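First comes the structure, then the notes that go with it.
Number of protein chains: 2
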Amino acid sequence: MDRKDLEALDQADPLASKRAQFTIPEGLIYLDGNSLGMLPAHVPSRLAEVATRQWGETLIGSWNSHGWFDLPRKVGNRIARLTGAAPDSVIVGDTISVNLFKLLAAAAKLRPERRVILSDDGNFPSDLYVAQGFRDLLDDGYRLEIVAPGDVMAAISSEVAVVMLTEVDYRTARRHGMAAVTATAHAHGALTIWDLAHSAGALPVDLAGAGADFALGCTYKYLNGGPGAPAFLYVRPGLQDKVQPALAGWWGHAAPFSFDLDYRPAPGILRNQCGTQPILSLAALDAALDVWDHVDMAMVRVKSEALCQAFISLAEERCAGFGVSLAGPRDMAERGSHVSLRHPEAYAVMQALIAAGVVGDFRAPDLMRFGFAPLYNRFVDAWDAVDGMADILARRAWDDPRFLARKAVT
Amino acid sequence: MDRKDLEALDQADPLASKRAQFTIPEGLIYLDGNSLGMLPAHVPSRLAEVATRQWGETLIGSWNSHGWFDLPRKVGNRIARLTGAAPDSVIVGDTISVNLFKLLAAAAKLRPERRVILSDDGNFPSDLYVAQGFRDLLDDGYRLEIVAPGDVMAAISSEVAVVMLTEVDYRTARRHGMAAVTATAHAHGALTIWDLAHSAGALPVDLAGAGADFALGCTYKYLNGGPGAPAFLYVRPGLQDKVQPALAGWWGHAAPFSFDLDYRPAPGILRNQCGTQPILSLAALDAALDVWDHVDMAMVRVKSEALCQAFISLAEERCAGFGVSLAGPRDMAERGSHVSLRHPEAYAVMQALIAAGVVGDFRAPDLMRFGFAPLYNRFVDAWDAVDGMADILARRAWDDPRFLARKAVT
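Those protein sequences? They're chains A and B, same order as listed.
Each residue of the first sequence is one higher than the one before, starting from 21 at the first, in this note's numbering.
Each residue of the second sequence is one higher than the one before, starting from 21 at the first, in this note's numbering.
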């Protein structure tokens, strides 16, 4: 396999034209779309319109006339299409952590006699923190049980209130079987919460088909909504009117403008809203989702698997001799859309690679992570990234003291 | 008093030059800055810079190189200056409702033997909803006691864990005495949470001087941060390291990038952060706060009182005969920076007024509300608003069926 073979794959790629819809700095090989997606080129002008015309000129009237109030539902429905959810079962707002708290509280109230939250050590630490905060706030016998990813199925019992998992491991890309885990959970009377941070926009998700009870995800990775763009939250239609919102806010009230002193939840998914949402960020996300119009997630998956497979093959061919090895499963069906490679000096190698114009990221203790966003990444990006990495490893460029000093990295 | 007298007041106004820093649609009399503040004129270009250059070009690197991570603390310190808070005692992020939940949880853990949350019926209903959600989630004997504003002091007892009040009533502009209520609460061993939604940027607040334990507020009203801009949260320095965060998120972790599975709160105010914040909205807020540089809140208060007094005098002189009356106290020392007028057909009158180019808002059941933002409102705005209202009332223009049909208003 040489670079020409990858160029040929790009030429045959039916998604290739999507790349032109993004702003891509000249010469940059960006393999970090699983951390912050690239800027869809039309977003700044939409943002300018919202700030200058809607806020600046229509002012308060924009809440109705420019549909600001309806944005969480409208944007939610756009994400529903990409995640196999029924209309009006996804709502956008708040952060992934806040939404996880809402869903944990909802699940706990629906299973009042149970006290176990089951998760795994491949979950985002941030999700585990939220569960710990929830457990400690309630101080009512709740236990957070954390097992190895492969032990989740066996750990599901009739004591478990909710199984809280991230579908795709942010480090190794290992993917849980959403339908199988959910079925097992349901067989034991437990509910499920799926974090789709590394799934939405990366691979086909079938929330309805899998029978998932709750889900949530972020929009600033593969959905390209912008830094810290509002998160989304899913509730299975049959559960929606049974949810008792713990974060009871006026946007989730049945009649927000009656200014009643008593909270009454809105019907359906809307009750999961809480306070007033950041409209500039939400409007940017809405605009960003335009690039997904008419995109078939099955095609996205085909390209994602091919990109990841090409990268893995090239990396093993050219870098295994330098101590680089694949993290996570080898079977594409068990993986998400990023590839992590282990190396004892992963931090320094990644710093050197970034300095050379190939952006991935480092995850402690020893992972170099490369995200493949099928809407804008090319097959030649995989080649160029491996080429750069092989060069750095061969020259031991990562011994350069500039790259060795660790600091906070995103 | 005629319009020329008000023009003279504008000419003598030491804050008059601030108006030029805002985008103000030609001919619009905007008295709704207590709902959505006007657009500082330089914000769109800052927003374009953040989207196009920071997100679009520097991408993931911007979290460090453009200080995105530090925005909540940086912007918090700018708001601290305006609210009489010590440095590093205010943090920005999430919504006012989510932040209220955090503070209620913190207060409850600090007073574990107490079960009463005391508030009043002049509080925002949205704040009461959050307290109800908190009470119902914990399901542990908590009671939300809601009294009349004038009865708060007498209702504070040794059973009260926390007194949760909004300083300035969103309807009547009645202002609580923050120092006196806080002192009484402390005398009974209770904590205080102050909602500053209608205070921050409207009048001098002295959080440190009043001894307030907790406070929070929104930034899209008098602080002009943009629609739904992130909220702020204050914790008294002596309490900061005693707070046990209920919404335990990775931004509030002592070492967010070590990816530990266990939550350890960051020192100080930082632990009150939860998930990743919406950077576009946060950057717009940061830019918007530039207009407050070097502004003396005492001068703001002088102008605010004069504006409100002029408006009240004019309205009573010209509209009392049509059934209009002042809501809330007459003494300026007991008021915030808006004026609400009662009228049996308040909704229709306000609709007619908006159609005539004077924007205030309606609050059920019978209030027309007019906010005076001292950085951009002029004395002639008070004249023109009353003039328009008197005309509508004299002509009974509000009988026009266009204005009678009620719908959701912001």
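Glycine is no exception: its CB is placed at the ideal position from the N, C-alpha and C atoms.
Every value quoted in this text rests on a predicted model; they were computed, and no experiment measured them.
Identify the contact partners of W418/A in chain B, using a Cβ-Cβ distance below 9 Å as the criterion. Neighbours of W418/A on chain B: none; closest Cβ ~19 Å, over 9 Å.
Assign M21/B to buried or exposed, taking buried as 16 or more other Cβ atoms, counted over all protein chains shown, within 10 Å of its Cβ. exposed
I'd like to check one pair, Y50/A with V379/A: are the Cβ atoms closer than 7 Å? yes
Could you confirm whether any beta carbon from chain B is found closer than 7 Å to the beta carbon of E365/A? no
Taking only three categories from DSSP, how would you classify F154/A? helix
Neighbour list for E77/B in chain A, Cβ cutoff strictly below 7 Å: P45
Cα-Cα, which of S146/A, S139/A, A217/A, D159/A is closest to L211/A? S139/A
Just list the residues that DSSP pairs W83/A with in beta bridges. Beta-bridge pairing links W83/A to no other residue.
For L120/B, which residues from the same chain have a beta carbon less than 8 Å from its beta carbon, with the 5 sequence-adjacent residues on both sides left out? D147, V150, A151, M184, I213, D215, L236
Shorter than 7 Å from the beta carbon of A266/B to some beta carbon of chain A? yes
Distance, Cα to Cα, D189/B vs R355/A? 54 Å
Do you know how far the Cα of A220/B is from the Cα of L267/A? 24 Å
Interface residues of chain B facing M184/A [CB-CB closer than 7 Å]: Those within 7 Å of M184/A in chain B number zero; the least Cβ separation is about 13 Å.
Where the beta strand (DSSP E) through E165/A begins and ends: 163 to 167
Neighbourhood of V429/A by C-beta distance below 7 Å, restricted to the same chain and skipping five residues each side: Here V429/A scores only 42 on pLDDT, less than 50, and its place in the model should not be relied on; the value that follows carries that caveat. D381, F382, listed in sequence order.
Where P250/B falls, given that 16 or more other Cβ within 10 Å makes a residue buried: buried
In this structure, does DSSP put D411/B in helix, strand or coil? helix
Mapping the DSSP letters down to three states, classify G229/B as helix, strand or coil. helix
Ends of the alpha helix (DSSP H) at H206/A? 198 to 207
Residues from the segment 98 to 132 of chain B in contact with chain A, defined by Cβ distance under 7 Å: D114, T115, I116, S117, V118, F121, A125
Distance between beta carbons of S278/A and A366/B, contact taken as under 8 Å: The pair is not a contact, with the Cβ atoms about 15 Å apart (cut-off 8 Å).
When the Cα of V406/A is compared with those of R98/A, R389/A, A393/A, P421/A, which residue comes out closest? R389/A
Kindly confirm or deny that the segment 92 to 108 of chain B and the segment 277 to 297 of chain B touch, where touching means at least three C-beta pairs closer than 8 Å. yes
Does any CB atom of chain B fall closer than 7 Å to the CB of G153/A? yes
If you measure between the beta carbons of A68/B and P60/A, is that distance less than 7 Å? no
Count Cβ pairs between the segment 157 to 174 of chain A and the segment 334 to 343 of chain A that sit closer than 8 Å; are there 3 or more? no
Output needed in chain order: residues of the segment 290 to 306 of chain A with a Cβ under 8 Å from some Cβ in chain B. C294, G295, T296, Q297, P298, I299, L300, S301, L302, A304
Could you have a look at I176/B and say whether DSSP puts it in helix, strand or coil? coil
With 16 as the cutoff for other CB atoms within 10 Å, does A5/B come out buried or exposed? Nothing can be reported for residue 5/B, as the shown portion of chain B is limited to 21 through 430.
Once the 5 residues before and after P13/B are set aside, which same chain residues still bring their CB inside 7 Å of it? Since the first residue shown for chain B is 21 and the last is 430, residue 13/B is missing from the structure and cannot be characterised.
When DSSP builds the beta bridges, which residues end up paired with W214/B? L185/B, A235/B
Any alpha helix (DSSP H) of 4 or more consecutive residues that is wholly inside the segment 249 to 309 of chain B: 257 to 260, 299 to 308
Look up G356/A in the DSSP assignment and say whether it is helix, strand or coil. coil
Contact between the segment 309 to 323 of chain B and the segment 408 to 417 of chain A: three or more CB pairs below 8 Å? no
Within 10 angstroms of the Cβ of K241/A, are there 16 or more other Cβ atoms? Answer buried if so, exposed if not. buried
Return the residue from the list R23/B, A28/B, P34/B that minimises the CA-CA distance to K323/B. P34/B
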